[in-house]
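Undergrad:
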Amino acid sequence: MPASHSQLAANQLPSPFPEGWYFVATRADIPRGGLFRKVWMGEDIIVWCDDQGTVCVAESHCPHLGSDLGPEAGGSVRDGRLVCPFHGYQFDAVGQCVATPYADPPRTAHLQVFPTQEINGLIFAWYGIDGRTPQWELHPDRPTREGWSSPSIRTIRFPGHPQETTENSVDLAHFRYVHGYGSFQRAGRIQVDGARLVSSFDFRTVRKVFGFSAFTMDLSAITQIFGLGYSFVEIREHFIGVDLRLWVLATPVDGTLIDLTLVSQVREIRNPGRRIVGLGFLPVGWRAPIFNKFMAAQQMGDVLQDVAIWSRKQYRSRPRLCRSDGEIMPFRAYCAQFYPEAGDRSGAPSAGSHRTVP
Ligand code: FES
Ligand SMILES: [Fe+2]
C-alpha cells in the first residue's frame with residue numbers, strides 16, 4: 117500500500133540544512149589572494165583570502181548587477197580585495213564594497229557574508245536559519261597542533277543528511293553489527309550542554325597491519341558533537357599507548373548530497389608496543405605520520421561501511437527501538453535546536469567576523 121502524505125511527512129527531517137557551523141575548506145586550500153566558488157548548504161558561495169590572511173566566505177553574486185564573482189566568470193582578488201569581473205566593484209573581507217572604478221562606492225553594496233572561524237587549519241562558516249547570527253560557539257576548548265602529526269584529510273560525497281551521519285555516535289548497536297567492534301561499552305550517559313553533546317565509550321577491535329599481522333586494539337573514545345556539522349573524537353589506544361583524534365565534518369551540499377570530511381591526527385609516539393610490526397624501529401618523527409596513515413585508512417574503511425547504509429536509508433521519525441539501542445531519542449531531542457521554529461528565529465543577518473586559533 118502506498119505511504120500516505122502524513123506518513124511521508126513523519127519520515128522526513130525538518131530541513132536538509134540544519135543551523136550550525138559547517139566545514140568550508142582547509143586553510144591550505146585558500147592561499148592569500150586565492151579565490152574559489154562552491155555549493156555549500158544549498159548556497160553558491162565564494163571563498164577568498166585577503167593579504168592579512170583573513171578568510172571571507174560570501175554569497176557568490178555581486179550586489180551591483182548580479183555578476184558571478186567566481187574565477188570562472190573572471191572574479192579575482194587584487195591588492196587584498198575581491199574584484200567583480202563585470203564593472204570592477206571591489207569588496208573587503210567583511211563584504212563591504214569599498215571602491216568602484218568610476219564613482220564612490222554605494223554604501224548599500226554589501227555582500228552577504230557568512231561568519232567564519234578556524235580550528236587547527238580547518239575553516240568553518242556559520243549557517244543561520246533566516247540569516248541568524250551565530251547562536252553558539254564551536255568548540256571553546258580548542259585543540260592545538262602541538263605534538264600532533266600533520267593531519268590526514270579526506271572527503272567523500274554521497275546522498276545523506278548530517279543528522280543521520282551524526283546519529284552514528286549514539287547508535288550503539290551498529291558499532292558491533294556494522295563495524296564488528298567487540299566489548300563495546302558506554303562509559304556513562306550522553307551529556308548535553310546547549311549545542312554540545314558528549315558521548316563516551318570503550319571498545320575493542322582487531323586490525324591487520326599492512327595486510328598481514330592482526331593485533332587487538334583496546335580503545336576509549338570521547339566524542340564531542342557541536343551541531344550536526346562538527347564531531348570531534350578523541351581516542352586513546354591502551355595497548356600501544358597512542359592518542360588519536362578525528363574530526364568528522366558533515367556538510368550538506370545541495371539538499372541531497374553531503375560531503376563528509378575526515379581529518380585524523382596521531383600524537384607523537386614515544387613507546388610503541390612491540391606487537392606493532394616495525395613501528396619501534398622507525399625514527400620517532402616517522403612513527404606518528406605512518407601510524408596516522410594506517411589509522412586514517414582504517415577510519416575510512418569504517419566510514420565506507422556506514423556510507424553503504426546512509427546513502428540508501430530512510431529517516432524514521434518513530435523508530436521501533438529495542439532496549440540496547442542506546443540514546444537515539446535523547447540525541448534527536450538535542451538535534452531539535454538546530455531547526456528553529458519561525459517564532460525562535462530572532463537575530464540580525466550575519467555580519468562578517470573571523471576567529472583564528474592556529
Ligand atoms: S555586477 Fe559586479 S560590479 Fe557590476
Ligand atoms: Fe559507524
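Residue numbering for the sequence shown follows this note's numbering, beginning at 117 and increasing consecutively.
We put the CB at the ideal spot given by N, CA and C, even for glycine.
The structure presented is a predicted model; accordingly, all values stated were derived computationally and were not measured.
(1) Going along the chain, which residues of its own chain have a beta-carbon closer than 6 Å to the beta-carbon of residue 349, five neighbours each way excluded?
(2) Is residue 230 closer than 8 Å to residue 173 when the C-beta atoms are compared?
(3) Give me the Cα-Cα distance between residue 446 and residue 279, rounded to the nearest whole angstrom.
(4) May I ask which residues mark the beginning and end of the alpha helix (DSSP H) holding residue 450?
(5) Mind checking which residues open and close the beta strand (DSSP E) that includes residue 188?
(6) Are the CB atoms of residue 209 and residue 442 within a distance shorter than 8 Å?
(7) For residue 363, name the three-state secondary structure that DSSP assigns.
(8) For ligand 1, I want to know if residue 455 counts as a neighbour, meaning its beta carbon is within less than 7 Å of at least one of the ligand's heavy atoms.
(9) Do the CB positions of residue 376 and residue 351 come within less than 8 Å of each other?
(10) For residue 211, which residues from the same chain have a beta carbon less than 6 Å from its beta carbon, with the 5 sequence-adjacent residues on both sides left out?
(11) Give a yes or no on contact between the stretch 149-158 and the stretch 364-379, applying the rule of three or more CB pairs nearer than 8 Å.
(12) Among 167, 417, 187 and 286, which residue has its Cα nearest to the Cα of residue 318?
(13) Give the secondary structure of residue 290 by DSSP, where H, G and I count as helix, E and B as strand, and everything else as coil.
(14) Going by alpha carbons, who is nearest to residue 403 out of 214, 440, 315 and 384?
(15) What's the gap between the Cα of residue 347 and the Cα of residue 407?
(16) In the DSSP assignment, find the beta strand (DSSP E) that holds residue 275 and state where it starts and stops.
TA: Reading off the structure:
(1) Counting only Cβ-Cβ distances below 6 Å, and skipping sequence neighbours, we find 337, 339 and 362.
(2) Contact: yes.
(3) Spanning the two alpha carbons is a distance of roughly 13 Å.
(4) Start and end: 444-451.
(5) Boundaries for residue 188: no beta strand (DSSP E) harbours it, and the DSSP string shows neither H nor E there.
(6) No, the Cβ-Cβ distance between residue 442 and residue 209 is not below 8 Å.
(7) Reduced to three states, the DSSP call for residue 363 is strand.
(8) Outside the cutoff, so no.
(9) It is not a contact, given that the beta carbons lie outside the stated cut-off.
(10) So the list reads 174, 226, 227, 229 and 468, once near-sequence residues are dropped.
(11) Result yes; three or more Cβ-Cβ pairs closer than 8 Å.
(12) Closest by alpha carbon: 286.
(13) In the three-state DSSP reduction, residue 290 falls in the helix class (H, G or I).
(14) Residue 384 is the option with its Cα nearest to residue 403.
(15) Going by the C-alpha atoms only, they are around 22 Å apart.
(16) Looking at the DSSP string, the run of the beta strand (DSSP E) that includes residue 275 is 268-275.
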